[in-house]
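Take any residue in the sequence shown, count from 1 to its spot, add 7: that is its number in this note's numbering. Glycine is no exception: its CB is placed at the ideal position from the N, C-alpha and C atoms. One structure below.
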Amino acid sequence: MSDALCWQSAGTLAAAVRRGERSAVEVLEAHLDRARAVEPRLGAFVRLCEERARRAAEEIDRRVAGGEDPGPLAGVPLGVKDNLCVRGVETTAASRILSGYLPPYTATAVARLEAAGAVVLGKLNLDEFAMGSSTETSAYGPTRNPWDPERVPGGSSGGSAASVAAGEVPLSLGSDTGGSIRQPAALCGCVGVKPTYGLVSRYGLIAFASSLDQVGPLARTCADAALALDALVGPDPRDATSASPPWDPAARPFAAAVAAASLEGRTLGVVPEYLERTADPEVRTAVEKALGAAERAGARLREVSLRSADEAIPAYQIVSTAEASSNLARYDGVRFGRRCAAPKDLEDLYARTRGEGFGREVKRRIVLGTFVLSSGFYEAYYLRGQDARRRVRADLLAALDDVDALVGPTSPVPAFRLGERLDDPLAMYSVDVFSVSANLAGLPALSLPCGFTAAGLPVGLQLTGRPFADPDLLALGRGLEEALALPKRRPLP
């Protein structure tokens, strides 16, 4: 099978399959071959769904032969983060406590992409229960960065980002609680989108922090991300937090916005607090060069200060750990997943099952979340965290009044070495300093590549937009891609 197929865009592959120029099976086998070749060095997938994928690809080819249109993503291989349920496929959130769990249903986000013609290639690695920024806390072991296998791919959607960057799939699904789509996209050199909260259904997503979690796509271009979002968005009766967008999803607004993209006359808000907190000079230089390219392409740059910048990380840690403590209480060894051997009584069952099943980082966050919710500390910590969250949202919305989007680095550093921050939680949490605000405020945000360091590591640029202005945000991203015109590079030969 041709390795060249693995570097074609999702849009190109789908168009070829729909016209009958390529078979979905041929496309699938090329990507399976690529995955088998790079997985020993990468560890992006926790399992491949080969037979299930072949059946789906064969059905697409049958429909094309019968004169049917299988959809805008016909035959496009898709990677799914292992905290999104796929019926009958083991789904563990990279945790020992869910070992062997076979969901009886498929997450709405996965089902909608399959209905558009995508073919699920397999389940992707992540930090356990999506708690981490490096994909090192997985029960399956770490994922490695395809640009340098001695470095992390970011997290928690590290498998989702690495698989796209390495050519294993052109599209993947991730989840973003505090930057878990955008930060690995930045570190792996691809596009990652966190939609407005409620725009994409969370049904079938294994929850970390329910008021922050959002499902979104990772791709190599904004155009491919737009194809996925046109299939993903829209209300879902099975998710009470899903929202109806102020446009007709059937009109494919994302693809239309990207097709008409231009930076001419657009205003980008540059956040000085973000540039000041950028720890790596090469990241700052790449971002400043990208801003210069945007200005030359017709965009206006305006400095916009965020007074709440220092509050975002502590507010996020309080709110997210409190919700994690509540959500993860359901894993008790009684209903599903792992159960300890020969418990003496119910208390022993709970304690040993959770002690054996959860990893260190998950335990740390459960303990912290339980503490901030406990009697005597609820007002001192949790309520103050929620107050800070409201200030962050108000600050961002005010900043967006006079600009089309806020712009700055996605991560303060490029990909760091495996193990470098694993034993220093505060250093690990600081990697999300620029990304958590969008989750606290429920705003759309995306990361796209804006350059490389001297060592060849990707640098990401983040755009944050107004609520439900997601198509416009993708258009800005596409305009920046055109202005930057980065040379095509491929990792992992």
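In this model, Tyr-338 and Ala-235 are separated by some 32 Å (Cα to Cα). Spanning the alpha carbons of Ser-312 and Ser-182 requires a straight line of approximately 28 Å. According to the DSSP assignment, Gln-393 belongs to the alpha helix (DSSP H) that extends over 390 to 406. Judged by their CB atoms, Leu-429 and Ser-141 are nearer to each other than the 9 Å cut-off.
The residues Arg-291, Pro-416 and Pro-419, in chain order, have a CB closer than 6 Å to that of Thr-285 in the same chain once the five nearest residues on each side in sequence are set aside. Taking all protein chains shown into account, Phe-384 has fewer than 16 neighbouring C-beta atoms within 10 Å of its C-beta and is therefore exposed. According to the DSSP assignment, Arg-309 belongs to the beta strand (DSSP E) that extends over 307 to 310. Looking from the CA of Asp-411, the closest CA among Asp-68, Pro-244, Thr-274 and Trp-154 belongs to Thr-274. Out of Pro-498, Val-87, Val-222 and Pro-500, the CA that lies nearest to the CA of Glu-121 is found in Val-87. The beta carbons of Arg-41 and Glu-175 sit closer together than 9 Å.
For the alpha helix (DSSP H) assignment, the uninterrupted runs of no fewer than 4 residues enclosed by the stretch 216 to 271 are, from N- to C-terminal side, 229 to 239 and 260 to 266. Looking at Pro-153, Leu-481 and Asn-334, the one whose alpha-carbon comes closest to that of Leu-219 is Asn-334. In terms of Cβ geometry, Leu-91 and Leu-180 form a close pair [threshold 9 Å]. Around the beta carbon of Leu-487, 16 or more other beta carbons sit within 10 angstroms, so the residue counts as buried. In chain order, Gly-486 place their CB closer than 6 Å to the CB of Ser-269, counting only its own chain and leaving out the 5 sequence neighbours on each side. Residue environment for Leu-49: buried (at least 16 other C-beta atoms within 10 angstroms of its C-beta).
The residue from Ala-306, Tyr-210, Asp-394 and Gly-95 with its alpha-carbon nearest to that of Glu-271 is Ala-306. Distance from the CA of Tyr-147 to the CA of Pro-252, rounded to the nearest whole angstrom, comes to 38 Å.
When DSSP states are grouped into helix, strand and coil, Phe-459 belongs to the strand group. If you draw a straight line from the Cα of Trp-254 to the Cα of Ala-266, it comes to about 17 Å. Residues of the same chain with a CB within less than 6 Å of the CB of Pro-256, apart from the 5 flanking positions on each side, are Val-240 and Gly-241 in chain order. The residues Ala-238 and Leu-239, in chain order, have a CB closer than 6 Å to that of Arg-119 in the same chain once the five nearest residues on each side in sequence are set aside.
In this structure Lys-495 is exposed. Its beta-carbon is surrounded by fewer than 16 other beta-carbon atoms within 10 angstroms. By the CB criterion at 9 Å, Arg-189 and Gly-196 fall outside the cutoff.
Residue environment: Ser-381 is assigned as exposed (fewer than 16 neighbouring CB atoms within 10 Å of its CB, all protein chains considered). The alpha carbon of Arg-372 has as its nearest neighbour, out of Pro-79, Ser-437, Val-294 and Pro-432, the alpha carbon of Pro-432. For the alpha helix (DSSP H) assignment, the uninterrupted runs of no fewer than 4 residues enclosed by the stretch 19 to 94 are, from N- to C-terminal side, 31 to 49 and 57 to 72. Excluding five sequence positions before and after Tyr-357, the CB atoms of its chain that fall closer than 6 Å to its own CB belong to Asp-339, given in chain order. The shortest C-alpha to C-alpha distance from Gly-211 to any of Gly-362, Ala-31 and Thr-98 is the one to Thr-98. Straight across, the Cα-Cα distance linking Thr-471 with Ala-172 is about 23 Å.
Taking every protein chain shown into account, the CB of Arg-209 has 16 or more other CB atoms within 10 angstroms, so this residue is buried. In this structure, DSSP gives Lys-296 a helical state, which the three-state scheme calls helix. Per DSSP, the unbroken beta strand (DSSP E) holding Leu-470 starts and ends at 465 to 471. The bridge partners DSSP lists for Leu-413 are Gly-276 and Thr-471.
Between Arg-391 and Leu-447, the C-beta spacing is not below 9 Å.
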